[in-house]
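Just below is one structure, and these are the notes that go with it.
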Amino acid sequence: MLVCRIFTLLVACLSIICLLIALVTDYWLVAYGAKDISYNGLWKTCVAGRCFAPAVPDGYIVATRVLLILASLAALASTVCLVASFTQCTPHSMHGPLIASITAFVAGSCTLIAVTVYTAESWENNNASIQRTYEWSFYLAWTTFPSLLLTGIFSLVLYRRSPASGYETV
Numbered sequence: 704m705l706v707c708r709i710f711t712l713l714v715a716c717l718s719i720i721c722l723l724i725a726l727v728t729d730y731w732l733v734a735y736g737a738k739d740i741s742y743n744g745l746w747k748t749c750v751a752g753r754c755f756a757p758a759v760p761d762g763y764i765v766a767t768r769v770l771l772i773l774a775s776l777a778a779l780a781s782t783v784c785l786v787a788s789f790t791q792c793t794p795h796s797m798h799g800p801l802i803a804s805i806t807a808f809v810a811g812s813c814t815l816i817a818v819t820v821y822t823a824e825s826w827e828n829n830n831a832s833i834q835r836t837y838e839w840s841f842y843l844a845w846t847t848f849p850s851l852l853l854t855g856i857f858s859l860v861l862y863r864r865s866p867a868s869g870y871e872t873v
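So this is what it looks like as structure tokens:
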């Protein structure tokens, strides 16, 4: 059981690190033109080496930001609950894996919705001379969804296999 607990904690930590990196980096979508390259993320856009933050970001960008921030907070709560479940000093430590599982599933759901919204709304290529591709920040955000799902599943397994607390142990 200790191996499963450690594996779950490692996957949770990896998930939150990947999610935060994807959230703050600017290589979500890259456009290759005849002369210049432009790239953008959730916070700024860079064209021909000049970067700027849009004065009024599109609605889908705001929605993606909010959902990924909520996902980061839920993933952090999941990780904290998993760390707390290692200690048996708290009276509610038996429910740590259950809370970690729920928050990991919430974080995964927020991530899935955020990246799906970004994917659906960002892909408009009206100019045939410009090649647009999703880049590593985008794919890093997508990879956090299965890792958060794994965190939730393994946390639920930990909860189901943990010894019962209270009157059930008597």
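In the numbering used here, the protein residues as written are 704 to 873. Backbone N, C-alpha and C fix where the C-beta goes; we use that ideal spot for every residue, glycine too.
Cβ neighbours of ASN743 within its own chain (closer than 6 Å, five residues either side excluded): LEU732.
Distances from the CA of LEU852 to each of TRP845, GLU824 and GLY811 were compared; the closest alpha carbon is that of GLY811.
With a cutoff of 7 Å on beta-carbon distance, ALA725 and LEU843 are scored as near each other.
Judged by DSSP in its simplified three-state form, PHE857 adopts helix. VAL809 and ILE740 have their C-alpha atoms spaced approximately 36 Å apart. When only Cα atoms are considered, THR822 and ALA780 end up about 27 Å apart.
Around ALA777, the same chain offers THR806, ALA807, VAL809, ALA810 and CYS813 as residues with beta carbons nearer than 8 Å, after the five sequence neighbours per side are excluded. In summary, PHE848 is buried, with 16 or more beta-carbon neighbours lying within 10 Å of its beta-carbon over all protein chains present. Boundaries cannot be given for ALA756, as no alpha helix (DSSP H) includes it and DSSP labels it neither H nor E. Remark: C-beta atoms of ILE816 and LEU770 approach each other more closely than 7 Å. If the five residues before and after GLY855 are omitted, its C-beta is found closer than 7 Å to the C-beta atoms of SER804, ALA807, PHE808 and GLY811, all from its own chain and listed in chain order. By the 16-neighbour rule on beta-carbons within 10 angstroms, SER832 is exposed. Within the same chain, Cβ atoms closer than 6 Å to the Cβ of LEU712 are found at LEU785, the five residues on either side in sequence being excluded.
Its chain contains TYR735 as the residues whose beta carbon lies nearer than 6 Å to that of GLN834, once the 5 sequence neighbours on both sides are disregarded; these appear in chain order.
A straight line joining the alpha-carbon of TRP839 with that of ASN829 spans about 23 Å.
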